[in-house]
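To convert, take the position in the sequence shown, counting from 1, and add 115; that gives our numbering.
For glycine and all other residues, C-beta sits at the position ideal for the given N, C-alpha and C.
Right, one structure below, let's go through it.
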Amino acid sequence: MKNIRSWRAIVLACCFIGSLAVGGEAEKGKFFSVAARQVNAKDHGVVGDGTADDTAAIQAALNAAATKGPVCYLPAGHYRVNGSLVVPAGVTLCGASGGVPHSEHPIGTVILAYGGRGKEDGEPLITLKPNAVIRNLVIHYPEQTFPDVVPYPWTIRGDGEMCQVLDITITNPYQALDFGTKWNELHIIRNVFACPLKIGVFIDQCTDIGRIENVHFNPNFWTRMALTPKWPGGDIKAYLEKNLIGFKIGKTDWEYISNSFVIFPRIGFHFDDFGHGPGNAVITQSGADICPVAVRVDRVQRHAGVQIVNGQFMAAIEVGEKNEGPVKLTSCGFWPVPETKEQIVKEGPSTLILSSCHFAGWDSKGTGAACVRAKGGRLVVNGCEFMAEGKRQIVLEKGLVAATITGCLLRGEDGIEDKSGGDVKIGLNTSH
């Protein structure tokens, strides 16, 4: 017991000394720990007053960190960037925040993006080379307007292996995170908060296990910000519902997405082949809220597909006619928006499995639409609860090959209709 207490004392003492090093030396550029070598961007001429163009000075500091770093520390301030920045391989661009900064309290490091206005396909604001990191800062586009939104290039692009975006808020990006234009793998995107206007995250050309964790897309990060110019006002919800794709996912092997969220998108999560083949993914504890289409699966890998567990969706899920890979939803909840007809639409030759899900409030306008409509491939519905009385639950249309519907709570009159002519087994469901 005495030895254990001694070790605890040593650990606590080390933590205390480490905290003093971080807190007392941060403004001198000695961030994280005594062992980490730092480059302070102030030593390379950055001004940080929001007016002077700091692009060249920040790039000089980043280049210096490649040999003298590996951390390039950007102290608290507002840094105008008229061009683009490249974070060299192995370098970390680190702002002054100790956690995730909020645009409502922009007291730390803020990058003001002026470059690329009107050039959707221009150079990204920030490109991460292999194993490069950006963290602990806010990015804002002062010249972005609303409702007359102006295209901009991607805010952050990953180019290579194990690029990382950590603890970042981006107020109003047109296109936020690009991990698809260049080959990449093992990317880590964690604790990112933004109001993207066209695409939140784009994943493609990923050959090994990317991770997206705690990423939230919500207009609050623009409308509630304390940066200038102030939010101009307008119906941001209507704009996003016509234009935004939250998570655009193409070729990726074993993409893990957890605790991530988007509100008001046109499509929450969109899976397709964007030129490099389809991918596969596991999504947990995530959701798409108040939108016409929460998940659209046009193509996923035939042998793996997409699995969604503990998802929450206030809209519909659509499986397209060209998809061949399995789509599995387990323990997911569904609620309607006023436009909701079906909550699940299944087309094409793939297999769809719904297990332990609950559905509430489909057929919002009372047109007679069923909660689940399937007209291709195979369908398994097991242990699900359909919580709206007096409405049709499932319609199986011509073209469906096979289906099993078992152990479900249907509520009210049995509304399962089989018009498929396929091999269908229905049993052990209740209507009370």
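Proximity winner among His547, His391, Glu439, Asn395, relative to Leu467 (alpha-carbon distances): Glu439
For Gln174, the three-state DSSP class (helix, strand or coil): helix
Same chain, Cβ closer than 6 Å to Glu140, five either side skipped, listed in chain order: Its pLDDT being 41, under 50, Glu140 is placed unreliably in this model, and the value from its coordinates should be taken loosely. So the list is empty, once near-sequence residues are dropped.
Segment contact, 8 Å Cβ cut-off, at least three pairs: the segment 357–373 with the segment 333–342: Cβ pair count under 8 Å is below three, so no.
Element boundaries [beta strand (DSSP E), containing Trp337]: Looking at the DSSP string, Trp337 is not in any beta strand (DSSP E); the run it does join, the alpha helix (DSSP H), is 335–338.
Identified DSSP bridge partners for Cys321: Asn299, Thr367
C-alpha gap between Asp263 and Thr521, whole angstroms: 51 Å
Where Ser148 sits in the DSSP three-state scheme: With a pLDDT of only 48 at Ser148, under 50, the local geometry of the prediction cannot be trusted, and the value read off the model is given with reservation. Note: Ser148 maps to coil in three-state DSSP.
Buried or exposed by the 16-neighbour rule on C-beta atoms within 10 Å, applied to Lys540: exposed
Check whether Pro288 and Ile254 have beta carbons under 9 Å apart: yes
Through-space distance from Leu515 to Gly383, alpha-carbon basis: 26 Å
Cβ pair Gly463, Val434 closer than 9 Å: yes
Separation of Ile432 from Ala409, as counted between CA atoms: Ala409 and Ile432: Cα-Cα distance of roughly 6 Å.
Cross-strand partners of Phe474 (DSSP beta bridge): Phe449, Phe501
DSSP-derived helix/strand/coil call for His220: The answer is coil: DSSP assigns His220 none of H, G, I, E or B.
Beta-bridge pairing of Phe428 - partner residues as DSSP gives them: Ala403, Phe449
Pairwise C-alpha distance: Asp387 and Pro245: 26 Å
Among Phe294, Ala518, Val162, Lys456, nearest to Lys366 - alpha-carbon criterion: Checking every option, the nearest Cα to that of Lys366 belongs to Phe294.
Residue from Asp319, Val248, Gly481 with nearest C-alpha to Ile303: Checking every option, the nearest Cα to that of Ile303 belongs to Val248.
Bridge partner(s) assigned by DSSP for Gly373: Looking at the sequence shown, residue 373 is not Gly but Ser. Paired residues: Glu328, Thr399.
Euclidean distance between Cα positions of Val307 and Val421: The alpha-carbon atoms of Val307 and Val421 are separated by roughly 23 Å.
Of the listed residues Thr343, Pro407, Trp369, nearest to His193 (C-alpha basis): Thr343
Those residues which DSSP pairs with Phe386 across a bridge: Ile364, Val412
Backbone CA spacing between Gly160 and Asp404 [nearest angstrom]: 45 Å
Of the listed residues Pro190, Ala484, Arg232, nearest to Arg250 (C-alpha basis): For the residues Pro190, Ala484, Arg232, the minimum Cα distance to Arg250 belongs to Pro190.
Reduced DSSP category for Lys443 - H, G, I as helix; E, B as strand; rest coil: Correct three-state label for Lys443: strand.
DSSP beta-bridge partners of Ala309: Ile285, Phe332
Distance CB(Arg272)-CB(Leu301) smaller than 9 Å: Leu301 sits away from Arg272, with the two beta carbons spaced by 9 Å or more.
Which of helix, strand or coil DSSP assigns to Glu532: strand
Unbroken beta strand (DSSP E) run spanning Ala291, endpoints: 290–294
Beta-carbon separation (whole angstroms), Ala291 vs Gly315, contact threshold 8 Å: 5 Å
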